[in-house]
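Enquirer: Residue numbering for the sequence shown follows our numbering, beginning at 19 and increasing consecutively. Ideal placement from N, C-alpha and C gives every residue a C-beta, glycine not left out.
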Amino acid sequence: MPFSTGRARAAKAARLRTVQAPTATVVEMVGKWVRVRMDLGGDERRLRVKAEVVAGDRVWIEGEAENAVVGGYEPRRTELRRSGNSGLRVVCANADVLAIVCAAQDPPFRVGLVDRMLVAANAAGMTGAIVLNKCDTGMPEEVLERLALYEHLGVPIFMLSALQAKNIDSFRESLYGRTTVLAGHSGVGKSSLLRALVPEAVREVGHVDVWGRGRHTTTGACAFDLPPEPGKAGGVVVDLPGVREYGIGFVLKHELRRYFPELADLRCRYADCVHDGEDGCAAEDACDPIRLESYQKLLEECC
Ligand SMILES: Nc1nc2c(ncn2[C@@H]2O[C@H](COP(=O)(O)OP(=O)(O)OP(=O)(O)O)[C@@H](O)[C@H]2O)c(=O)[nH]1
Ligand SMILES: [Mg+2]
Ligand SMILES: [Zn+2]
19 MPFSTGRARA AKAARLRTVQ APTATVVEMV GKWVRVRMDL GGDERRLRVK AEVVAGDRVW
79 IEGEAENAVV GGYEPRRTEL RRSGNSGLRV VCANADVLAI VCAAQDPPFR VGLVDRMLVA
139 ANAAGMTGAI VLNKCDTGMP EEVLERLALY EHLGVPIFML SALQAKNIDS FRESLYGRTT
199 VLAGHSGVGK SSLLRALVPE AVREVGHVDV WGRGRHTTTG ACAFDLPPEP GKAGGVVVDL
259 PGVREYGIGF VLKHELRRYF PELADLRCRY ADCVHDGEDG CAAEDACDPI RLESYQKLLE
319 ECC
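1) Would residue 101 and residue 265 qualify as a contact pair, given that the criterion is a beta-carbon distance under 8 angstroms?
2) Taking its Cβ as the centre, do 16 or more other Cβ atoms sit within 10 Å of residue 272, making it buried, or is it exposed?
3) Let me confirm a value: residue 148 is counted as buried when at least 16 other C-beta atoms fall within 10 Å, else exposed. Which label applies?
4) Would you check whether ligand 3 has a heavy atom nearer than 7 angstroms to the C-beta of residue 201?
5) Between residue 69 and residue 90, is the Cβ-Cβ spacing less than 8 angstroms?
6) Of all the alpha helix (DSSP H) runs that stay within the bounds of the region 155 to 194, which reach a length of 4 or more residues?
7) Looking only at DSSP bridge pairs, what is residue 200 linked to?
8) How long is the line joining the alpha carbons of residue 167 and residue 195, rounded to whole angstroms?
9) For residue 320, name the three-state secondary structure that DSSP assigns.
10) Round the Cβ separation of residue 255 and residue 200 to the nearest angstrom and send it over; I've been treating them as touching at under 8 angstroms.
11) Please name the residue or residues paired with residue 43 in a DSSP beta bridge.
12) Please find out if some non-hydrogen atom of ligand 2 comes closer than 7 angstroms to the beta-carbon of residue 208.
13) Could you tell me the alpha carbon to alpha carbon distance between residue 26 and residue 303, rounded to whole angstroms?
14) Taking DSSP as the reference, what is the three-state secondary structure of residue 148?
15) Can you pull the DSSP bridge partners for residue 210?
16) Would you say residue 293 touches ligand 3, meaning its beta carbon is less than 7 angstroms from a heavy atom?
17) Do the CB positions of residue 119 and residue 249 come within less than 8 angstroms of each other?
18) Give the secondary structure of residue 277 by DSSP, where H, G and I count as helix, E and B as strand, and everything else as coil.
19) Counting only the same chain and skipping the five closest in sequence on each side, list residues whose C-beta sits under 8 angstroms from that of residue 280.
20) Would you call residue 288 buried or exposed, if buried means 16 or more other Cβ atoms sit within 10 Å of its Cβ?
21) What do you get for residue 156, buried or exposed, if any count of 16 or more other CB atoms within 10 angstroms of its CB means buried?
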């Protein structure tokens, strides 16, 4: 597995690094550069990298002044992965919650994408949650039915409107003390939601002087701190570029059922049943038909 090798390499590099090397967190990626926030003092620096890091990585810095580079990253607590035409890649590191942002109507709610991302979240060791944005535009009955099903499966659900600031405060409350990634189809309102959650986000993403661009376009992951609240631990929100597809080809076929709670402990006639139409399979009775269709489609993609 390329990822366990990567992990082992990161662990070895972390052991070898100079103990005194300054440490930081990667908050934004742009090409071969990254923006990091230094642990000591909290200033941000734009640096080149020697290792393949992603947003959320805990890194150490080698060299001084203009020769400073990101030397490597510490072993990751969680690693959100995605497969696609260009292979397997890590989307972000050390996040706790994958907030799957959907729009009530436009763009339409896509069950397939939600199911894929829930699998990716679970496979990463993160919690998957569904955020239904644009609730000001009305909520179709079939979307509400789907959400009720996910809620029944234990997935946290939030219904809100970034534009009208509806239910934003209660969503923000739930984000303190952890790192949450906003992901989903392009145009569902992830960046709008980020702005509603962190009013300074717009100013912060400007950084014209650092990046030489006047406007934030969601082309790379970018992390922001939640506004501090007395008595509360901090919280971080990561805005991701929109996705059209979300591949989960890195998941093993026989492990896929683990990420579908309604299938995880199912007892079928054969103990090694993968719930793909085998004789005596109990999945059809136990699982919602649309979810089962999702599962069987994903099974073909798994390795
Ligand atoms: N009606 C309504 N429109 C919204 C809401 N939130 C966002 N929008 C609109 O949806 C459009 C897309 O919003 P963005 O925040 O750019 O979407 P995004 O998910 O960040 O898109 P990408 O960066 O392309 O992935 C914009 O025109 C927003 O004004 C909402 O709560 N209600
Ligand atoms: Mg965006
Ligand atoms: Zn079965």
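Expert: Taking the geometry as given:
1) Judged by their CB atoms, residue 101 and residue 265 are nearer to each other than the 8 angstroms cut-off.
2) exposed
3) buried
4) no
5) When the beta-carbon positions are compared, residue 69 and residue 90 come within less than 8 angstroms of each other.
6) 159 to 170, 186 to 191
7) 117, 257
8) Those two C-alpha atoms are separated by around 28 angstroms.
9) The DSSP-derived three-state label of residue 320 is coil.
10) 6 angstroms
11) 55, 76
12) yes
13) C-alpha separation (whole angstroms): 42 angstroms.
14) Three-state DSSP puts residue 148 in a strand.
15) When DSSP reads this structure, residue 210 sits in no beta bridge, so it has no partner.
16) yes
17) no
18) Judged by DSSP in its simplified three-state form, residue 277 adopts helix.
19) These residues qualify, in order along the chain: 171, 304, 305, 306, 309.
20) Label assigned to residue 288: exposed.
21) Taking all protein chains in view, the Cβ of residue 156 is surrounded by fewer than 16 other Cβ atoms within 10 Å, so the residue is classified as exposed.
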